[in-house]
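Numbering (this note's numbering) for the sequence shown: 9 to 217.
All C-beta atoms in this analysis are idealised placements derived from N, C-alpha and C, irrespective of residue type, glycine included.
It should be emphasised that the depicted structure is a prediction, and the values quoted were computed from it without experimental measurement.
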Amino acid sequence: MDQVKTNDATEALTSVAKHDQVDTPTKNPIKTVAKDEAADAVAAAIGGSVSLSISCLTVNDMPASLAFYLDVLGFKLFMGVDGDRKMTATDDPAVWPSIIFAILSGTGESETASDLMLATRNSEDAIGRALGDGPLGKGMALYLKGPDPDALAATLPPHVEVLAQPQTKWYGTREVSLADPNGYTVTVGKHTDAPCPMAEQGATGGKTE
């Protein structure tokens, strides 16, 4: 029974990683499971089903954060808002110190939300008060797709910290993990058809990463 479960999990994760190459009805095999009645009950109680809309990261240094997400990862600045609530959409770094809130747009194709919001830490709002002076980023990770992990790693500026060098995971995705300027983990993954020994170990119930 454990063998069957392991094989099913491996096939599911591999198919999800390859979702751009799979026909629409089977893009997410996890959705083929029976409808979760408990989830339906929660949705009815709270007035609707939940889905991810957009991620918003609290940041300590907006210019450094914009430089990382725009110049290193290739996002585009869709909109920035300064302290006077005036909007800007310029990529001019000279303006970045005045921005307290920004919406970034992904440049690749995605079936899920590809925008990212950044908000400067503010001790006067509820979230800022809850955070206090504590560190940011602990336990929070972003998973991005599109760029080639090896090409990205080869072009990184010296100041960008690499948490995990490019490697092919057991579910068939080539990944590299970086630390953003605020301590968040950013993993960039791309599916590869190259043989991966870990995939065989995962399918046979062996130890996986």
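Give me the Cα-Cα distance between residue i and residue j, rounded to the nearest whole angstrom.
{"i": "residue 58", "j": "residue 49", "result": "12 Å"}
{"i": "residue 189", "j": "residue 113", "result": "19 Å"}
{"i": "residue 180", "j": "residue 161", "result": "19 Å"}
{"i": "residue 94", "j": "residue 130", "result": "17 Å"}
{"i": "residue 8", "j": "residue 77", "result": "Outside the shown range of the chain (9 to 217) lies residue 8, about which nothing can therefore be said."}
{"i": "residue 138", "j": "residue 110", "result": "21 Å"}
{"i": "residue 33", "j": "residue 44", "result": "With a pLDDT of only 46 at residue 33, under the threshold of 50, the placement of this residue in the model should not be trusted; the figure read from the coordinates follows. About 19 Å."}
{"i": "residue 100", "j": "residue 82", "result": "15 Å"}
{"i": "residue 158", "j": "residue 199", "result": "12 Å"}
{"i": "residue 201", "j": "residue 183", "result": "13 Å"}
{"i": "residue 103", "j": "residue 197", "result": "31 Å"}
{"i": "residue 150", "j": "residue 125", "result": "12 Å"}
{"i": "residue 155", "j": "residue 174", "result": "12 Å"}
{"i": "residue 185", "j": "residue 169", "result": "9 Å"}
Look up residue i in the DSSP assignment and say whether it is helix, strand or coil.
{"i": "residue 126", "result": "strand"}
{"i": "residue 186", "result": "strand"}
{"i": "residue 31", "result": "Low confidence applies to residue 31: its pLDDT is 42, below 50, so where it sits in the model is not reliable, and the reading given next is rough at best. Here residue 31 sits in coil by DSSP."}
{"i": "residue 136", "result": "helix"}
{"i": "residue 57", "result": "coil"}
{"i": "residue 83", "result": "coil"}
{"i": "residue 92", "result": "coil"}
Just checking residue i against the ligand ZN - is the residue's beta carbon closer than 7 Å to any of the ligand's heavy atoms?
{"i": "residue 179", "result": "Judged by which ligands are present, the structure shown has none, so any question about the ligand ZN falls away."}
Quickly, what does DSSP pair residue i with across the bridge? List them, please.
{"i": "residue 115", "result": "Residue 115 is not bridged to any residue."}
{"i": "residue 153", "result": "197"}
{"i": "residue 172", "result": "185"}
{"i": "residue 66", "result": "127"}
{"i": "residue 109", "result": "89 and 127"}
If residue i and residue j are in contact, beta carbons under 8 Å, what's the gap, nearest whole angstrom?
{"i": "residue 152", "j": "residue 195", "result": "7 Å"}
{"i": "residue 79", "j": "residue 107", "result": "Actually they are not in contact, since the Cβ atoms of residue 79 and residue 107 sit about 15 Å apart, beyond 8 Å."}
{"i": "residue 88", "j": "residue 97", "result": "7 Å"}
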